[in-house]
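Asker: Using our numbering, read the sequence shown as starting at 3 and increasing by one per residue.
Just so you know, even glycine gets a beta-carbon here, dropped at the ideal spot from N, CA and C.
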Amino acid sequence: MLEGRLTVPIGETDIVLEAGDSTVIQKNMPHIYKNYEAVPVKGISSISPPIWGRMDLMNN
């Protein structure tokens, strides 16, 4: 997270991220990003290995 506060429900656990925080989401773990605050959030997302354009990999 670069700015703001973001809640990330991962499975049945809510992770709260603030500036300077990060998290790892394991493969096939249901998750979503929620901003409950009145200000926008800024962050960086990274997927490894890269899958853009290879959605067929999501089912394996």
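Can you tell me which of the three DSSP states Lys46 falls into?
Answerer: Looking at the sequence itself, residue 46 is Ile, so the reference to Lys does not match. It is coil, neither helix nor strand.
Asker: To the nearest angstrom, how far is the alpha carbon of Ile27 from that of Ala40?
Answerer: Roughly 25 Å between the two C-alpha positions.
Asker: Considering only the beta carbon of each residue, do Tyr35 and Val10 sit closer than 7 Å?
Answerer: Yes; because the gap between Cβ atoms is below 7 Å, this pair is in contact.
Asker: Cα separation between Gly22 and Met31?
Answerer: Taking the straight line from one Cα to the other gives about 23 Å.
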